[in-house]
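Enquirer:
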Amino acid sequence: MAADRADGARFSQGLMPMDSALESRLRDLLDRDAIRQVVERNARSLDRCDVELGLSCYWPEAIDDHNHFIGGPQGFLAYAHGVSRAFESCQHTVGTHTCELAGDEAHCETYYIFTAHAAQAPHFMATGRYVDHFEKRGGEWRIRNRVCIVDGQYELLPSAMGQGDAYPPGEKPVARDRSDVSYQRPLQVRQQPKG
Numbered sequence: 000m001a002a003d004r005a006d007g008a009r010f011s012q013g014l015m016p017m018d019s020a021l022e023s024r025l026r027d028l029l030d031r032d033a034i035r036q037v038v039e040r041n042a043r044s045l046d047r048c049d050v051e052l053g054l055s056c057y058w059p060e061a062i063d064d065h066n067h068f069i070g071g072p073q074g075f076l077a078y079a080h081g082v083s084r085a086f087e088s089c090q091h092t093v094g095t096h097t098c099e100l101a102g103d104e105a106h107c108e109t110y111y112i113f114t115a116h117a118a119q120a121p122h123f124m125a126t127g128r129y130v131d132h133f134e135k136r137g138g139e140w141r142i143r144n145r146v147c148i149v150d151g152q153y154e155l156l157p158s159a160m161g162q163g164d165a166y167p168p169g170e171k172p173v174a175r176d177r178s179d180v181s182y183q184r185p186l187q188v189r190q191q192p193k194g
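Just so you know, the sequence shown maps onto residues 0 to 194 in numbering that gives the first Met the number 0.
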């Protein structure tokens, strides 16, 4: 028991070398997390129409095959943000994610749900998958190529999108740029109504 405590103390002080299997597993987990962060950052960039954030997800020579658009990151983001701005609000939700690592490359599949609230019904929803080829360069993972597969497209009646706005007119904290509440540092909450 005392020997275990001594080993634990040496490990926590950085004196005990990490076992190579543990180091490999830790590297694997860190790579998978970094890749997942890119997928999530990309989804956010599409909803917020944030070009800078979106470009940080792709290598400059990447190709995105997004059904109606096939091309590089700049062109894709211009196309995607145009689609997003055609709606009052939209949301890319990413879900099931598989990732096969092979050194400084990875092949991933991520399920998505895209919902869009139109000014006039019907609203829109699409489901599908992003199939990505990632590359790690200089310690950074980014998308090298992406194919977007649409598994289903649906028109939604107003009842499927809820009952109107949750915020009074002029108080909606949703923005399609860096003025969105999610960019605030520190976060500023609305004041509770008096009365």
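Ideal placement from N, C-alpha and C gives every residue a C-beta, glycine not left out.
1) Taking the straight line between their C-alpha atoms, what separation do you get for residue 57 and residue 122?
2) So, for residue 44: in the same chain, excluding its five sequence neighbours on each side, which residues have a beta-carbon less than 6 Å away from its beta-carbon?
3) Within the chosen definition, does the stretch 58–77 reach the stretch 88–106 through at least 3 CB pairs nearer than 8 Å?
4) Out of curiosity, what's the CA-to-CA distance linking residue 81 and residue 42?
5) In whole angstroms, what separates the C-alpha of residue 132 from that of residue 59?
6) By DSSP, does residue 41 sit in helix, in strand, or in coil?
7) Opposite residue 196 in the DSSP bridges: which residues?
8) Beta-carbon within less than 7 Å of residue 193's beta-carbon, same chain only, minus the 5 sequence neighbours each way: which residues are those?
9) Alpha carbon to alpha carbon, what distance is there between residue 147 and residue 62?
10) List the endpoints of the continuous beta strand (DSSP E) containing residue 80.
11) Along the alpha helix (DSSP H) that carries residue 50, what are the first and last residues, could you check?
12) One question on the structure: do residue 103 and residue 135 come within less than 7 Å of each other, judged by their Cβ atoms?
13) With a Cβ-Cβ cutoff of 7 Å, do residue 90 and residue 125 count as a contact?
14) Could you have a look at residue 28 and say whether DSSP puts it in helix, strand or coil?
15) Which value, in whole angstroms, describes the spacing of the CA atoms of residue 138 and residue 181?
16) With DSSP as the reference, label residue 157 as helix, strand or coil.
17) Taking the straight line between their C-alpha atoms, what separation do you get for residue 9 and residue 176?
18) Less than 8 Å between the CB atoms is what I'm expecting for residue 128 and residue 109, so what's the real figure, rounded?
19) Taking 7 Å as the cut-off, decide whether the C-beta atoms of residue 87 and residue 120 are in contact.
20) With DSSP as the reference, label residue 180 as helix, strand or coil.
21) Could you give the first and the last residue of the continuous beta strand (DSSP E) run that contains residue 186?
Expert: Put simply:
1) Reading the sequence shown from its first residue, position 58 is the one you call residue 57. Reading the sequence shown from its first residue, position 123 is the one you call residue 122. Each residue's Cα considered, the two are about 30 Å apart.
2) Here residue 44 corresponds to residue number 45 of the sequence shown, with the count starting at 1. 52, 53, listed in sequence order.
3) no
4) Residue 81 sits at position 82 when you count from the first residue of the sequence shown. Residue 42 sits at position 43 when you count from the first residue of the sequence shown. Residue 81 and residue 42: Cα-Cα distance of roughly 15 Å.
5) The residue given as residue 132 occupies position 133 in the sequence shown. The residue given as residue 59 occupies position 60 in the sequence shown. Roughly 14 Å separates the two Cα atoms.
6) For the purposes of this step, residue 41 is taken as the residue at position 42 of the sequence shown. Three-state result, residue 41: helix.
7) Limits of the chain in this structure are 0 at one end and 194 at the other, which puts residue 196 out of reach.
8) The residue given as residue 193 occupies position 194 in the sequence shown. Taken in chain order, the list of residues that qualify is empty.
9) If you number the sequence shown from 1, residue 62 lands on position 63. If you number the sequence shown from 1, residue 147 lands on position 148. Their Cα atoms are separated by approximately 11 Å.
10) Taking the sequence shown and counting its residues from 1, one reaches residue 80 at position 81. Premise fails: residue 80 lies in the alpha helix (DSSP H), 72–84, not in any beta strand (DSSP E).
11) In the sequence shown, residue 50 corresponds to position 51, counting from 1. Residues 50–54.
12) Sequence index remark: in the sequence shown, residue 103 carries index 104 (1-based). Sequence index remark: in the sequence shown, residue 135 carries index 136 (1-based). Their beta carbons are under 7 Å apart, which means residue 103 touches residue 135 by this criterion.
13) Counted from its first residue, the sequence shown places residue 90 at position 91. Counted from its first residue, the sequence shown places residue 125 at position 126. Against a cut-off of 7 Å, the Cβ pair of residue 125 and residue 90 comes out as no contact.
14) If you number the sequence shown from 1, residue 28 lands on position 29. The answer is helix: DSSP assigns residue 28 an H, G or I state.
15) As a first step, residue 138 is located in the sequence shown; it is residue number 139 there, counting from the start. As a first step, residue 181 is located in the sequence shown; it is residue number 182 there, counting from the start. So the alpha carbons of these two residues sit roughly 27 Å apart.
16) Your numbering for residue 157 matches position 158 in the sequence shown. Of the three classes helix, strand and coil, the one that applies to residue 157 here is helix, per DSSP.
17) The residue you call residue 9 lines up with position 10 of the sequence shown. The residue you call residue 176 lines up with position 177 of the sequence shown. Because the pLDDT of residue 9 is 49, which lies under 50, any placement of that residue in the model is unreliable, and the number read from its coordinates should be weighed accordingly. Straight-line Cα distance between these residues: approximately 48 Å.
18) For the purposes of this step, residue 128 is identified with residue 129 of the sequence shown, where counting begins at 1. For the purposes of this step, residue 109 is identified with residue 110 of the sequence shown, where counting begins at 1. Yes, they are in contact, since the Cβ atoms of residue 128 and residue 109 sit about 7 Å apart, within 8 Å.
19) Position 88 of the sequence shown holds residue 87. Position 121 of the sequence shown holds residue 120. Taking 7 Å as the Cβ cut-off, residue 87 and residue 120 do not qualify as a contacting pair.
20) Taking the sequence shown and counting its residues from 1, one reaches residue 180 at position 181. Helix at residue 180.
21) The sequence position of residue 186 within the sequence shown is 187, counting from 1. No beta strand (DSSP E) contains residue 186, which DSSP labels as neither H nor E.
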